[in-house]
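Note sheet for the following structure.
2 protein chains.
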Amino acid sequence: MSKHSYVMIHQFNNREEGCQEECFHPDIVDRIRKEMPEEKLLEGLAQLFKVLGDNTRIRILNALYQTELCVCDLTSVLGMNQSAVSHQLRVLRDAKIVKSRKKGKNVLYSLDDSHISGLIQLGSEHVHEQ
Amino acid sequence: MSKHSYVMIHQFNNREEGCQEECFHPDIVDRIRKEMPEEKLLEGLAQLFKVLGDNTRIRILNALYQTELCVCDLTSVLGMNQSAVSHQLRVLRDAKIVKSRKKGKNVLYSLDDSHISGLIQLGSEHVHEQ
DNA sequence: TTATCATATGAGTAAACATTCATATGTAAT
DNA sequence: ATTACATATGAATGTTTACTCATATGATAA
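These protein sequence lines map, in sequence, to chains E and C.
Just so we're aligned: the first sequence equals residues 141 to 270 in my numbering.
Just so we're aligned: the second sequence equals residues 141 to 270 in my numbering.
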């Protein structure tokens with residue numbers, strides 16, 4: 141028995157909490173549960189958006205969208221602490237959203253994913269409509 | 141003088157923190173700063189992604205992507221507390237990502253933005269490539 | 001009206017997170 | 001080698017946030 145159907149049956153047998161017949165539709169709930177994407181995918185999605193969902197990181201990405209930059213220049217562009225920038229770069233690197241390469245004493249960062257600019261584009265359209 | 145140029149000049153005059161000439165490129169930093177999107181837009185973007193960046197909310201959106209649902213059925217689909225679901229629905233409503241309408245004793249929720257499914261689509265592609 | 005039900009919401013709590021400070025690592029120039 | 005510099009990272013801290021519990025609101029049915 142799949143994890144999904146286990147939880148579903150659990151729901152069916154515990155109707156003291158939740159609403160009754162008029163609004164509780166086992167058939168609909170069942171169908172939707174079956175058509176939900178894999179839990180792994182949903183977690184990955186939430187994780188991706190969580191990484192994008194921070195002011196500092198969004199500004200980093202918008203800067204890198206224009207050109208490859210060293211940490212130092214990024215720090216200047218953002219006007220913030222070098223340590224804070226490095227910490228956020230690590231989060232972006234772990235999420236495979238940016239990549240880095242060494243050049244002399246410096247480390248140059250750039251975007252590592254073709255979807256990111258698309259996400260920012262689409263997201264901007266949503267924001268503009270508010 | 142714009143806020144941007146103020147911060148920029150501040151940066152130029154405080155080089156004790158940060159890196160020196162070899163990696164600090166005033167011209168590049170200046171250009172990037174000028175071409176950065178409006179701060180308002182960036183904040184809105186980060187806020188949008190932050191709202192999408194939660195496991196529960198992503199699951200709600202994937203359920204609503206299939207059909208309009210009342211809170212009660214959503215609660216069953218997700219297998220969680222009604223209060224928790226309502227709290228998250230409020231976050232999604234505030235962000236204009238879902239909308240609601242009353243029907244009898246129930247409140248039916250549905251997606252309110254054409255961009256959201258596109259964002260989920262694009263995001264999924266990124267996740268699949270990991 | 002009164003009782004019942006579906007949803008919303010405020011307060012409290014524990015966990016997650018962004019930033020700062022101090023310092024470590026690694027590279028390059030002298 | 002020694003010094004200076006660019007970046008990374010661990011620990012500490014203040015803030016944000018997701019969830020739970022209790023209860024409020026609002027609608028329907030008896």
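All C-beta atoms, glycine included, are put in the ideal place defined by N, C-alpha and C.
What Ile200/E touches in chain C, judged by beta-carbon distance under 9 Å, is nothing: the nearest beta carbon there is about 10 Å away.
Rounded to the nearest whole angstrom, the CA to CA distance from Ala224/C to Asp194/C is 13 Å. Any Cβ of chain C closer than 8 Å to the Cβ of Lys242/E would place that residue at the interface, and such an atom is absent. Taking a C-beta distance under 8 Å as the contact criterion, Leu262/E and Glu208/E do not qualify as a contact pair. Taking CB atoms only, Leu229/E has no neighbour in chain C less than 8 Å away.
For the pair Leu214/E and Glu178/C, the Cα-to-Cα distance works out to about 17 Å.
The C-beta of Asp253/E has 16 or more other C-beta atoms within 10 Å across all chains shown, which makes the residue buried. Between Leu251/E and Val238/E the beta-carbon gap is near 6 Å, inside 8 Å, which marks them as a contact.
At a beta-carbon threshold of 8 Å, the residues of chain C lying near Ala186/E are Leu192, Gly193, Asp194, Asn195, Arg197, Ile198, ordered along the chain. With distances taken between CA atoms, Gln222/C lies nearest to Val211/C out of Leu232/C, Arg230/C, Val231/C, Val211/C. At least 8 Å separates the CB of Lys174/E from every CB of chain C.
For the pair Ala203/C and Val217/C, the CB atoms are nearer than the 8 Å cut-off. For Asn195/E, the three-state secondary structure derived from DSSP is helix. Cys210/C sits in a strand when the DSSP states are folded into three classes.
Between Glu183/C and chain E, the shortest Cβ-Cβ separation is below 8 Å. The beta carbons of Leu185/E and Ile260/C sit closer together than 8 Å.
Under DSSP, Arg233/C forms no beta bridge with any residue. DSSP places Lys174/C inside the alpha helix (DSSP H), whose first and last residues are 166-175.
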